[in-house]
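Residue numbers (the numbering used here): 38 to 269. C-beta: ideal position from N, C-alpha, C; glycine also. Working notes, structure below.
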């Protein structure tokens, strides 16, 4: 079953990741790439979960602010440069394996000393802002026909401003603990159904919407009913 990870444990790993990614940004700067990193996902919301005694992970965005044309014109070169820098930075610490290049991020895995069990991992998504100011994620489509080593492209990240506005309203009323509880309950529900089509962000959105509707949508409905009665 999923449970929330102790904040003290999360803090220790966040600190390690912060040191590592600062080193990555420093290495990239020497190569003509200006970047900054941001903790995102459940780690940024203090809602990190783990399944039983298994490992947990943190998610980061590495935003490319400036880069020379050699990187903008060759996105594979851009991702490879970030990957090599990440591997050098994590190599400073013991037990990290080389990062895994998935479709939408780079994953650094920390093993226990026996090297057979995963202790912790963190994902780094490479992002940039488009002309509208929206974040776009660098995606490596490995199986696209006609591209020798896969297609590299920018995909705009769906806007979640509405969800975050709801979250702030919930927090302002001191109800965030209910979102956390609902988030864990939903993750365990999907786990029991062996449902793998609900990633953490989707579950988070669902939890926020359910708690928002419970406390705020009901009030709006009551207000509308009162207005109708008065008009009559």
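Quiz prompt | Span separating the alpha-carbon of residue 107 from that of residue 45 | solution = Cα to Cα, the separation comes out at about 42 Å.
Quiz prompt | CB of residue 127 within 8 Å of CB of residue 137, strictly | solution = no
Self-check item: Per DSSP, the bridge partner or partners of residue 73
Solution: 100
Practice problem: Express the C-alpha separation of residue 52 and residue 243 in angstroms, rounding to a whole number. | Solution: 29 Å
Quiz item: Exposed or buried, what is residue 49 when buried is set at 16 or more other beta-carbons lying within 10 Å of its beta-carbon?
Solution: exposed
Quiz prompt | Closest Cα partner of residue 239 within the set 111, 221, 178 | solution = 221
Exercise. Quick one: grab the DSSP three-state call for residue 44.
Key: Helix.
Exercise. Please name the residue in 114, 248, 93 whose C-alpha comes closest to that of residue 69.
Key: 114
Exercise. Look up residue 200 in the DSSP assignment and say whether it is helix, strand or coil.
Key: helix
Practice problem: Throw me the rounded Cβ distance for the residue 74 and residue 99 pair, which I believe falls under 8 Å. | Solution: 5 Å
Practice problem: Could you please give me the residues that DSSP links to residue 191 through a beta bridge? | Solution: 175
Quiz prompt | residue 160: first and last residue of the uninterrupted beta strand (DSSP E) it sits in | solution = 155-166
Self-check item: Beta-ladder partner(s) of residue 105, from DSSP
Solution: BP columns for residue 105 are empty, so no partner.
Quiz prompt | Cβ neighbours of residue 265 in the same chain (closer than 7 Å, five flanking residues each side left out) | solution = Note that residue 265 has pLDDT 45, beneath the 50 cutoff, so the model's placement of it is unreliable and no number is given.
Quiz item: Cβ of residue 176 within 8 Å of Cβ of residue 123?
Solution: no
Self-check item: Integer-rounded CB distance, given that residue 140 should sit under 8 Å from residue 224
Solution: By a beta-carbon distance limit of 8 Å, residue 224 does not contact residue 140. Their separation comes to about 22 Å.
Quiz item: Among 157, 219, 163, 232, which has the Cα closest to the Cα of residue 54?
Solution: 157
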